[in-house]
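Comments concern the structure below.
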Amino acid sequence: MSKYLWVAVSPDKYELPLVVEESSLKLAKKLKVTDGCIRASEYNYRKRNKGKYESKCDIRIIKILR
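Using this note's numbering, count along the sequence shown one by one with no gaps and you end on 853.
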């Protein structure tokens with residue numbers, strides 16, 4: 788069992804959860820993108836946390852503790 792949950796959320800101010808998975812790889816398969824795209828999106832959100840989200844995937848990924 789993983790320590791984190793990977794959540795794809797809506798890119799608006801409400802951040803409603805769209806998809807929840809136990810690993811970035813499972814989330815990537817469900818969203819039909821690469822694992823690197825998921826990890827880069829999560830990193831960019833965590834480190835930069837800008838109002839306008841910048842990603843090639845055009846999705847917002849959040850990693851949360853269980």
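Every residue gets a Cβ at the ideal spot worked out from N, C-alpha and C, and that includes glycine.
query	result
Exposed unless 16 or more other CB atoms sit within 10 angstroms - verdict on L814	buried
Cut-off 8 Å between Cβ atoms - residues of its own chain near Y832, not counting five sequence neighbours on either side	Y840, R847, I848, I849
Residues bridged to E808 [DSSP beta-bridge criterion]	W793
One or two residues paired with I851 in a DSSP bridge	L792
Run of the alpha helix (DSSP H) containing Y801, from where it starts to where it stops	That residue, Y801, is in no alpha helix (DSSP H); it is neither H nor E in DSSP.
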